[in-house]
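K.L.:
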Ligand code: KIV
Ligand code: ZN
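In this note's numbering, the protein residues as written are 24 to 530.
Pasting the structure below:
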């Protein structure tokens, strides 16, 4: 079967989403997971946009082995040179040059003529080509550009050396028929199009990003740009997991494959959600917590008799383990280790001992420990492994006739314990005030969300927060059966990320 290349832009367009705020190390962690997932191209960032992005792209370029590593560049010499500087160590480097093409952008934003745009596009592709064989070009806002002008630009940039031409629906305005017609038009009217791969890049402003991408693929596009969990600018980008699973589940309709190892989807989705702090909506196709849950009696009855009655995909194909046994307080090390392996975690030595201890403590509080509880617990363990300040002890008094008061003890960078206490408007405020008295980094809490991991009064509560310091947003997550403790852990997680970023900037 013919293949569609998967170009993942989670670390570039996905990271552009308001509030994502990933550090270079976190981006590397995601890039390495994307490689395990089997994506063909990782768009690692936009090097000239900030020193942080440059550093992350450079780091990813050095470490990624199999996927091509791509850097985005405006169509100007400094951006193209900077993109190359960041990816020059990659095994398979790609430069992606973009420039607006629609009259709306040309007239209102760039104040340039079509002829000028054509010339600059051609020149910058030629400049990128001097550095690497693999050059992609995007005429931005292509779906709102006159097709005849798009054909002209594409012909020129292909002549100048573009090996992939990408057709962005930048503002998510297109509808499937029309976008598909644009792809057919390109394939029939650009004389040298046979020398390149036609790529598509759709935004989700009308909720049509995946539908538009699939229609374009059906018409002959052979690269699709997408992100994990569909994150991205505004309403996001086309979601990788939806496109890949649509092509796989309906291979009868499309007759196409990808290089994706679908069993890595669940894990990748959780990692991206964990590090960006963007919670996946429960009813999200493929990776939402309800995506494989059957609530109605008739459906449950059918699935018990034969899964295919109401399930079009086996959850195991996206890496959701089939839970044959539920863990509880009588479960031993062996059962715990086996379940960790089924969930895709390799945890050994001291880290395993620590995780097992945390599992035992949880099992004492909770009758049944589910896979989601274990995932939450391991994520909590991984978070604390890289801390600068560690939450050692917390005590709170509150009620309708008392002033909320918190005492906290933290273990600092040199292993010393520091305790302090504070009053607050509520218990969480009191805890955060007490922590602030010790850590002393100015910041503003901008978001606070609590949700339970599973059902039941004994469920683990997960807290997600965002704080802002010097104009930069940091996310933090914490999990515990006690939501005040979870809130304290989330704050420590955000503060530790802030401190690590400040330290990296100083170094
Ligand atoms: O949406 C868009 O047009 C983009 C380009 C930079 C490809 O992200
Ligand atoms: Zn985009």
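Idealized CB from N, CA, C, for every residue including glycine.
Owing to the predicted nature of the structure, the values given are computational and were not obtained by experimental measurement.
On the premise that residue 137 lies in contact with residue 172, defined as a C-beta separation below 8 Å, what is that separation, rounded to the nearest angstrom?
P.N.:
Confirmed, about 6 Å.
K.L.:
Starting from residue 436, trace the alpha helix (DSSP H) both ways and give me its first and last residue.
P.N.:
Where residue 436 is concerned, there is no enclosing alpha helix (DSSP H), given that its DSSP letter is neither H nor E.
K.L.:
Are the stretch 162-169 and the stretch 94-112 touching, with three or more C-beta to C-beta distances below 8 Å?
P.N.:
With a cut-off of 8 Å, the stretch 94-112 and the stretch 162-169 do not count as touching, because too few Cβ pairs lie within range.
K.L.:
So who's on the other strand from residue 249, going by DSSP bridges?
P.N.:
31
K.L.:
If residue 366 sits next to residue 382, beta carbons under 8 Å apart, how far is it from one beta carbon to the other, in whole angstroms?
P.N.:
Between residue 382 and residue 366 the Cβ distance is about 12 Å, and since that is not below 8 Å, they are no contact.
K.L.:
Evaluate residue 193 with the Cβ neighbour count: other Cβ atoms within 10 Å of its Cβ, from every protein chain shown; 16 or more gives buried, anything less gives exposed.
P.N.:
buried
K.L.:
Rounded C-beta distance between residue 404 and residue 377? I'm assuming under 8 Å.
P.N.:
6 Å
K.L.:
Taking 8 Å as the cut-off, is the beta-carbon of residue 161 closer than that to any non-hydrogen atom of the ligand KIV?
P.N.:
yes
K.L.:
Is residue 218 near the ligand ZN, in the sense that its beta carbon is under 8 Å from a heavy atom of that ligand?
P.N.:
no
K.L.:
How would you write the range of the beta strand (DSSP E) that residue 189 sits in, first residue to last?
P.N.:
Here the beta strand (DSSP E) through residue 189 covers 187-192.
K.L.:
Look at the alpha carbon of residue 417 and the alpha carbon of residue 349, and state the distance between them as a whole number of angstroms.
P.N.:
Between residue 417 and residue 349, the C-alpha separation is close to 31 Å.
K.L.:
Please determine whether the Cβ atom of residue 256 lies at a distance below 8 Å from any heavy atom of the ligand KIV.
P.N.:
yes
K.L.:
Comparing C-alpha positions only, which one of 320, 504, 481 and 462 sits nearest to residue 517?
P.N.:
462
K.L.:
Spatial neighbours of residue 229 within its chain, please: CB distance less than 7 Å, with the 5 preceding and 5 following residues excluded, ordered by chain position.
P.N.:
Close CB contacts of residue 229 within its chain, under the 7 Å cut and outside five residues either way in sequence, are with 195 (chain order).
K.L.:
According to DSSP, is residue 268 part of a helix, a strand, or is it coil?
P.N.:
helix
K.L.:
Give the DSSP-derived three-state secondary structure of residue 544 in the structure shown.
P.N.:
Shown here, the chain extends from 24 to 530; a query on residue 544 therefore has no answer.
K.L.:
Have a look at 432, 78, 494 and 487 and flag the residue whose alpha-carbon is nearest the alpha-carbon of residue 503.
P.N.:
487
K.L.:
Short of 6 Å in beta carbon distance, which residues of its chain neighbour residue 511, apart from the five on each side in sequence? Order them along the chain.
P.N.:
414, 417 and 454
K.L.:
Select from 125, 273, 359 and 182 the residue whose C-alpha is nearest the C-alpha of residue 241.
P.N.:
Selected option, being the one with the closest Cα: 273.
K.L.:
For the stretch 204-259, list the beta strand (DSSP E) runs that are entirely contained and at least 3 residues long, ordered along the chain.
P.N.:
220-225 and 246-249
K.L.:
Within 8 Å: the Cβ of residue 437 and any heavy atom of the ligand KIV?
P.N.:
no
K.L.:
Less than 9 Å between the C-beta atoms of residue 43 and residue 83, yes or no?
P.N.:
The Cβ atoms of residue 43 and residue 83 do not sit closer than 9 Å to each other.
K.L.:
Between residue 95 and the ligand KIV, is there a pair consisting of the residue's CB and a ligand heavy atom that are separated by less than 8 Å?
P.N.:
Yes; taking the cut-off as 8 Å, the Cβ of residue 95 has a heavy atom of the ligand KIV nearer than that.
K.L.:
Unbroken beta strand (DSSP E) runs of length 3 or more, entirely within the stretch 58-138: which are they?
P.N.:
64-68, 91-97 and 116-123
K.L.:
Ordered along the chain, which non-local residues of its own chain (more than five positions away) have a Cβ less than 6 Å from that of residue 119?
P.N.:
So the qualifying residues of the chain are 93, 95 and 159.
K.L.:
Would you kindly work out how many angstroms separate the C-alpha atoms of residue 224 and residue 368, rounded to a whole number?
P.N.:
Separation of residue 224 and residue 368 (C-alpha to C-alpha, rounded to the nearest whole angstrom) is 33 Å.
K.L.:
Compute the Euclidean distance between the alpha carbons of residue 110 and residue 406, then round it to the nearest angstrom.
P.N.:
29 Å
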